[in-house]
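Colleague:
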Amino acid sequence: MKLGFKQKILFFSGVLLTLSLLVFAIVSYSAMKETLVKELEYKQLAETKTLSLDIESWLNSKLTITKALSHNLAKLTLITKENSISSLSLAKNAIKASYMYAGLDDGTMIYASGKAKKEGYDPRVRPWYKDAIRKNGPVLTDIYISSSSKEPTISGAIPIFINNQAKGVTAFDLSIRTIMDKVYSTKFEGGYAFVIDKNGKFIMHPSQEFMGKTIYSIDKSLQDLEKKILATKSGVYEYNYKGENKFLTFIKINNGWTIMVPFFKTSKTSFLISPLYDTSGNSFCLLGS
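For the sequence shown, the working numbering assigns the number 1066 to the initial residue and increments by one for each residue that follows.
1. What did DSSP end up calling Thr1243 once you bin it into helix, strand or coil?
2. By alpha-carbon positions, which one of Asn1320, Ile1316 and Ser1163 ends up nearest to Pro1327?
3. DSSP three-state label for Asp1196, please.
4. Going by DSSP in three states, Ala1258 sits in which element: helix, strand or coil?
5. Please determine, among Ser1151, Tyr1186, Thr1142 and Ile1160, the residue with the shortest C-alpha to C-alpha distance to Gly1432.
6. Between Tyr1281, Ile1318 and Asn1305, which has its C-alpha nearest Thr1297's C-alpha?
7. Return helix, strand or coil for Ala1231, following the three-state DSSP convention.
8. Can you have a look at Asn1320 and say buried or exposed, based on whether 16 or more other CB atoms are within 10 angstroms of its CB?
9. Leaving aside the five residues before and after Ala1177 along the sequence, list all residues of the same chain whose C-beta is less than 6 Å from its C-beta, in chain order.
10. According to the Cβ coordinates, are Tyr1281 and Gly1265 closer than 8 Å?
11. Below 8 Å, how does it come out for the stretch 1224-1244 and the stretch 1192-1206: are there three or more Cβ pairs, yes or no?
12. Verify whether the separation of the beta carbon atoms of Gly1202 and Thr1131 is less than 8 Å.
13. With respect to the beta strand (DSSP E) encompassing Ser1213, which residues constitute its N-terminal and C-terminal limits?
14. Return the CA-CA distance between Met1325 and Ala1162, expressed in angstroms with no decimal places.
15. What's the C-alpha gap between Thr1331 and Leu1118?
16. According to the neighbour-count rule (16 or more other Cβ atoms, all chains shown, within 10 Å of its Cβ), is Ala1167 buried or exposed?
17. Asn1310 lies in the alpha helix (DSSP H); which residues open and close that run?
18. Looking at the secondary structure, which residues open and close the alpha helix (DSSP H) in which Thr1152 lies?
19. With DSSP as the reference, please indicate the residues paired to Ile1324 in a beta bridge.
20. Measure the C-alpha to C-alpha separation of Ser1212 and Thr1243 and round it to an integer number of angstroms.
21. Quickly, what does DSSP pair Gly1300 with across the bridge? List them, please.
22. Given Gly1302, which residues of its chain have a CB within under 7 Å of its CB, disregarding the five upstream and five downstream residues?
23. Among the residues of its own chain, which have a CB less than 7 Å from the CB of Leu1287, if the five just before and after it don't count?
24. Which first and last residues belong to the beta strand (DSSP E) in which Gly1168 is found?
25. Can you tell me which of the three DSSP states Tyr1107 falls into?
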């Protein structure tokens, strides 16, 4: 059957219209998908910031009370066990520390509990004392497992200034179980949070198999993440892990920890966000995989 001239015009016009609509649909879908991705990134970065502020506020509140303790001790004519235990004990209870103590520049060691110093113990050679004196301000240690409580613990220390001279250091040992529980219980839209230290080592992660490992060495697609974290305090990092296009939001806080929330994008027509479980819905996945 031969088509007339008008029929050919109508036929080709219909084909062009169909192609135009198809191209428009593809472009519209891509634009909509990209918009959704950007909106999600913005939302998750905002939620990551909220969590980071909670963690930083928790840490700063402990240091603020310890700083007030240092100021109170600095007002004493002579710091002794008898006149300082009350202040140490009040600060210990206020921050719920495992231990609260003060080391002085003459080698004296005073505990909130009133216990005696171990024979030969010199606070002036301990890392918490030396770091606070060297920094001339507050310091927080890396996380360690307390030999007494067996809990993940950090220590914080602040110099005692008398006439602008550091005459000692007040310090605490504090379990971080509370903040770890907060990180693990914080629910994101299809996501979870984890924390790395200044060296990129996992210090909080819902899956214990990653604890102590360095994030940058897990997969080559994550190697550039270190450069980005060193270059900026917060942002979004895109990478490809096991064939999936993924991204994570991160925010670095003042003590060097970085809070992260991973998500992934699929190349399929549907846009999925489900980093918490694998395809069977049963177990935690690495970095949103």
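The beta-carbon is built from N, C-alpha and C at its ideal position, and this holds for glycine as well.
Modeller: Here's the rundown:
1. helix
2. Check the Cα spacing between Pro1327 and each of Asn1320, Ile1316 and Ser1163: the tightest is with Ile1316.
3. Secondary structure of Asp1196 (DSSP, three-state): helix.
4. coil
5. No statement about residue 1432 is possible, as the shown extent of the chain runs from 1066 to 1354 and does not include it.
6. Ile1318
7. Strand at Ala1231.
8. buried
9. Leu1153, Ser1154, Lys1157 and Met1165
10. yes
11. yes
12. Taking a C-beta distance under 8 Å as the contact criterion, Gly1202 and Thr1131 do not qualify as a contact pair.
13. Here Ser1213 belongs to no beta strand (DSSP E), and DSSP marks it neither H nor E.
14. 27 Å
15. Residue confidence for Thr1331 is low, a pLDDT of 43 falling below 50, so the modelled location carries little weight; the figure read from the coordinates is stated next. Taking the straight line from one Cα to the other gives about 31 Å.
16. Label assigned to Ala1167: buried.
17. Taken as a continuous stretch (DSSP letters only), Asn1310 belongs to no alpha helix (DSSP H), being part of the beta strand (DSSP E) at Glu1309 to Lys1317.
18. Before going further, note that residue 1152 is Ser rather than Thr in the sequence given. Ser1152: member of the alpha helix (DSSP H) spanning Lys1146 to Ile1160, first to last residue.
19. Val1260 and Ile1316
20. 18 Å
21. Phe1315
22. Note that residue 1302 is Tyr in the sequence shown here, rather than Gly. Here the set comprises Leu1290, Lys1293, Phe1312, Leu1313 and Phe1315.
23. Ile1280, Tyr1281 and Tyr1304
24. Element bounds for Gly1168: Tyr1164 to Leu1169.
25. Three-state result, Tyr1107: helix.
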